[in-house]
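Protein chains in written order, with the numbering used here: chain A, 32 to 292; chain B, 20 to 313.
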């Protein structure tokens, strides 16, 4: 459904972040993207959602397609309207000085239909926590509530495809678990999800497919279950590679070279 | 005592106009963190646009005013498209500096088109001067205060009760987040500039009505600087309060300190007040207290 072909992205015309990425996210699945800091995960999502221009980035090669339609050159508002593809930015993209209700209304700005109010109630059904905070300024709510609000806001755009950028950033494990259950539920109800995560273990458990990004390239991809078992992924991203516990005393900085480099 | 009431009243009336001017600066500052130094020129251009409709085309006031304001809004939007939009996502400082250049361009254009002489400007509005034995508030001042407050109310309604208002406030907080949720930040910026130039044009018409209109009327626009700095650069209510404070300060100084021989001191006094306010509250009286989560 969503396919990326040999995508190259540079920032400020000089800093090359994505060096030819090819990926496919099948409709109705959760595709997980993991990778170290600076691997290009966020840039990839920005490129897909038409947000690169805001950050002075450019696609210099390759293409992004939903079905047969190219997203290249469209900006985020068009992409949301035409393809129902919404990007939930990292670090809880809510408007701090607006109330929860106003936040949801702002996210529905691109819509003109009469069902906005009904959709808002649906969001409050999804997230009962928010119901009690309707008139509260979003800046004064907790991190978990803000992330739920951000997801609620993305639902207000009537998405078919949701891109999540590290929804678990800075949240307690229990909240993270709840968030992931919500994402799973959204996916069961028909949404295609692309999930970028540092919390690789949790993400791969709910994901259908996964891929590993490193210095702007896809170095490994496959079914999520297979990635969970992959020796390299286990060692470098899940922190569970070594067969026996080693003393830190004789730990070397690099025990083993990653095979794909 | 009546003297004091007269002075305070006059100060508050003109203060409302200053508040409207300040609002014009504040909404742009909130949306793009740029300071519009071309405010004086926007004021003159807006007034001239109204002049065209009212005095040259002889339209009735109730038709000429909305038309003039719409024209001013359209011009503001055009200016934004040409000079500000290409800078979206860049440093607000470059936008601020662009407005300095804009000021020169607009001022010269006005001089080129309308000449450097004064145009007599008299709105034939119904006489609503407030008069008692010792007090007199002239009709045009009362109208100025009244219409400014009404215009202020309109803007507040627009910002807090309409979908565009919510979108403007969202974009003002963070352009990237707004874009990610499908709010067209470029259009919002256009809207903000249009709204701001309408505010400024409205204030301009009121100010021109006190005397005559020429390209030098724009100097009154400089009053907006102490207004927004005292009130807080990003506070809408602060603009009104700041306007009232500056108006009061000017009037009081004008009638109590200037007679000592300090002619022209009333133009300086707001800046002195500004200094004092900034010493105590660097963000202005009502500048945003950043939300801090604990």
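Ideal placement from N, C-alpha and C gives every residue a C-beta, glycine not left out.
DSSP, read as helix, strand or coil, puts residue 148 of chain A in helix. By the neighbour-count criterion, in which a residue is buried when 16 or more other Cβ atoms sit within 10 angstroms of its Cβ, residue 228 of chain B is buried. Three or more Cβ pairs closer than 8 Å define a contact, and the segment 128 to 148 of chain A falls short of that threshold against the segment 48 to 68 of chain A. The DSSP assignment places 192 to 196 as complete runs of the beta strand (DSSP E) inside the segment 175 to 206 of chain A, in order along the chain (cut-off: 3 residues). Residue pairing of residue 118 of chain A in beta bridges, as defined by DSSP: A:194. Our two residues, residue 179 of chain B and residue 156 of chain A, have alpha carbons roughly 26 Å apart in a direct line.
Inside the segment 29 to 80 of chain B, DSSP marks whole alpha helix (DSSP H) runs of 4 or more residues at positions 58 to 70, from first to last along the chain. Bridge partners of residue 56 of chain A according to DSSP: A:33. Of all alpha-carbon atoms in A:69, A:191, A:194 and A:32, the one lying nearest the alpha-carbon of residue 248 of chain A is that of A:69. Contact of residue 32 of chain A with chain B is not assigned, every C-beta pair being separated by 9 Å or more. Within the same chain, Cβ atoms closer than 7 Å to the Cβ of residue 42 of chain B are found at 171, 174, 218, 255 and 258, the five residues on either side in sequence being excluded.
For residue 185 of chain B, the chain A residues whose Cβ falls inside 8 Å of its Cβ are 129, 133, 136, 137 and 140, in order along the chain. Residue 124 of chain A and residue 178 of chain A have their C-alpha atoms some 8 Å from each other. Scanning its chain for C-beta atoms nearer than 8 Å, with the 5 sequence neighbours on each side dropped, one finds around residue 78 of chain B the residues 72 and 86, in chain order.
Counting along the chain, residue 132 of chain B sits inside no beta strand (DSSP E); it lies in the alpha helix (DSSP H) bounded by residues 111 to 133.
The Cβ atoms of residue 135 of chain B and residue 233 of chain B sit closer than 9 Å to each other. Ranked by Cα distance from residue 83 of chain A, the first of A:106, A:197 and A:255 is A:106. At a cut-off of 9 Å between beta carbons, residue 114 of chain B makes no contact with chain A. Between residue 88 of chain A and residue 37 of chain A, the C-beta spacing is not below 9 Å. For the segment 223 to 282 of chain A, the continuous beta strand (DSSP E) assignments of 3+ residues that do not extend past its boundaries occur at 223 to 228, 240 to 245 and 248 to 254, in sequence order.
For residue 266 of chain B, the CB contacts under 7 Å within the same chain, skipping 5 residues up- and downstream, are 30, 31, 33, 34 and 37 in chain order. Here residue 41 of chain A carries a strand assignment [DSSP, helix/strand/coil]. Scanning the segment 149 to 234 of chain B from its first residue to its last, no whole beta strand (DSSP E) run of 3-plus residues comes out.
As computed with DSSP, residue 138 of chain B is found in a beta bridge with B:232. The beta carbon of residue 246 of chain A sits closer than 8 Å to the beta carbons of 50, 69, 70 and 71 from its chain, once the five residues preceding and following it are set aside; these are given in chain order.
Residue 23 of chain B counts as exposed, since fewer than 16 other C-beta atoms from the protein chains shown sit within 10 angstroms of its C-beta. The beta carbons of residue 259 of chain A and residue 244 of chain A sit no closer together than 9 Å.
Look at the segment 44 to 115 of chain A and you find these whole runs of alpha helix (DSSP H), each 4 residues long or longer: 72 to 80 and 107 to 114.
The alpha carbon of residue 229 of chain A has as its nearest neighbour, out of A:66, A:270 and A:52, the alpha carbon of A:66.
Interface residue (Cβ-Cβ distance to chain A less than 9 Å): residue 196 of chain B is classified as such. Against residue 192 of chain B, the close residues of chain A are 126, 127, 128 and 129, in the order they occur along the chain (beta-carbon pairs closer than 8 Å).
Contact annotation for residue 118 of chain A against chain B: 199 [CB-CB distance below 7 Å, chain order]. Residues of chain B with a Cβ closer than 9 Å to the Cβ of residue 111 of chain A are, in chain order, 199, 200 and 201. A residue is called buried when at least 16 other Cβ atoms come within 10 angstroms of its Cβ; residue 101 of chain B does not meet this threshold and is exposed. At a cut-off of 9 Å between beta carbons, residue 108 of chain A contacts chain B. Here residue 59 of chain B is not near residue 216 of chain B, since their CB atoms are 9 Å or more apart.
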